[in-house]
Amino acid sequence: MLLLLLIAYSAALVYWMFIGFGRSVHTEGPFRYNLEPLRTIKLFFDLDNGVSFSGRLINLLGNVIVFVPFGFLLPLLRKSLRSMLLLLFVSALGILLLETMQMLLRAGSFDIDDVLLNLAGVLSGYILLWMVFLKGKR
1 MLLLLLIAYS AALVYWMFIG FGRSVHTEGP FRYNLEPLRT IKLFFDLDNG VSFSGRLINL
61 LGNVIVFVPF GFLLPLLRKS LRSMLLLLFV SALGILLLET MQMLLRAGSF DIDDVLLNLA
121 GVLSGYILLW MVFLKGKR
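With UniProt numbering, the residue at position 74 of the sequence shown is 74, and numbering never jumps.
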């Protein structure tokens with residue numbers, strides 16, 4: 001059951017990242033990317049940049065929240081992923097792949113800040129799982 005939940009959630013996430021929320025493919029110009037850590041995050045904390053409060057909230061919290069389920073589903077499905085470092089490593093590889101595909105398919109950009117926020121979501125889910133279920137069962 002957990003595996004089916006993970007597959008369904010992953011499919012929804014891929015839809016959101018590549019098609020949903022009115023995304024459009026930009027076919028012209030260079031690939032869009034940001035490799036400078038915290039650059040985009042700092043922009044969202046600049047109150048004079050014209051981005052609405054809801055836009056800031058959706059981008060910052062949304063990038064964290066959507067990855068929380070991976071932080072508790074993956075360790076439940078695979079005992080080896082109960083190691084926080086291994087979970088974060090495996091998650092980072094998957095997130096890097098998704099961000100790279102967004103850029104290469106021109107359905108978005110590669111943003112290192114999205115990677116950091118997504119990993120914060122995975123870590124939050126792991127901490128939640130550990131606090132609720134795994135405490136003492138390692």
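Glycine is no exception: its CB is placed at the ideal position from the N, C-alpha and C atoms. Remember, predicted model here, so these are calculated numbers, not experimental data.
Residue-chain proximity (residue i, chain D), Cβ-Cβ < 7 Å
| i | result |
| --- | --- |
| Gly108 | No chain D is present in this structure, which holds just one protein chain. |
Pair within 7 Å by beta-carbon distance, residue i and residue j
| i | j | result |
| --- | --- | --- |
| Pro37 | Ile112 | yes |
| Phe67 | Gly29 | no |
| Phe44 | Leu60 | yes |
Assumed close pair residue i, residue j - CB separation to whole angstroms, cut-off 8 Å
| i | j | result |
| --- | --- | --- |
| Lys123 | Leu88 | Correcting the residue identity first, residue 123 is Leu in this sequence and not Lys. Confirmed, Cβ separation roughly 7 Å. |
| Tyr126 | Gly71 | 4 Å |
| Tyr15 | Ser109 | Actually they do not touch by this definition, with Cβ atoms about 18 Å apart. |
Residue from the options with nearest C-alpha to residue i
| i | options | result |
| --- | --- | --- |
| Leu6 | Pro75, Phe18, Gly62, Gly108 | Pro75 |
| Gly22 | Ala12, Ala107, Leu43, Ser91 | Ala107 |
| Ala92 | Arg82, Leu2, Val115 | Val115 |
| Met103 | Thr27, Ala12, Val51, Leu13 | Thr27 |
| residue 140 | Ser52, Leu119, Lys42, Leu77 | Since the first residue shown for the chain is 1 and the last is 138, residue 140 is missing from the structure and cannot be characterised. |
Where residue i falls: helix, strand or coil (DSSP)
| i | result |
| --- | --- |
| Phe18 | helix |
| Asp113 | helix |
| Asn34 | strand |
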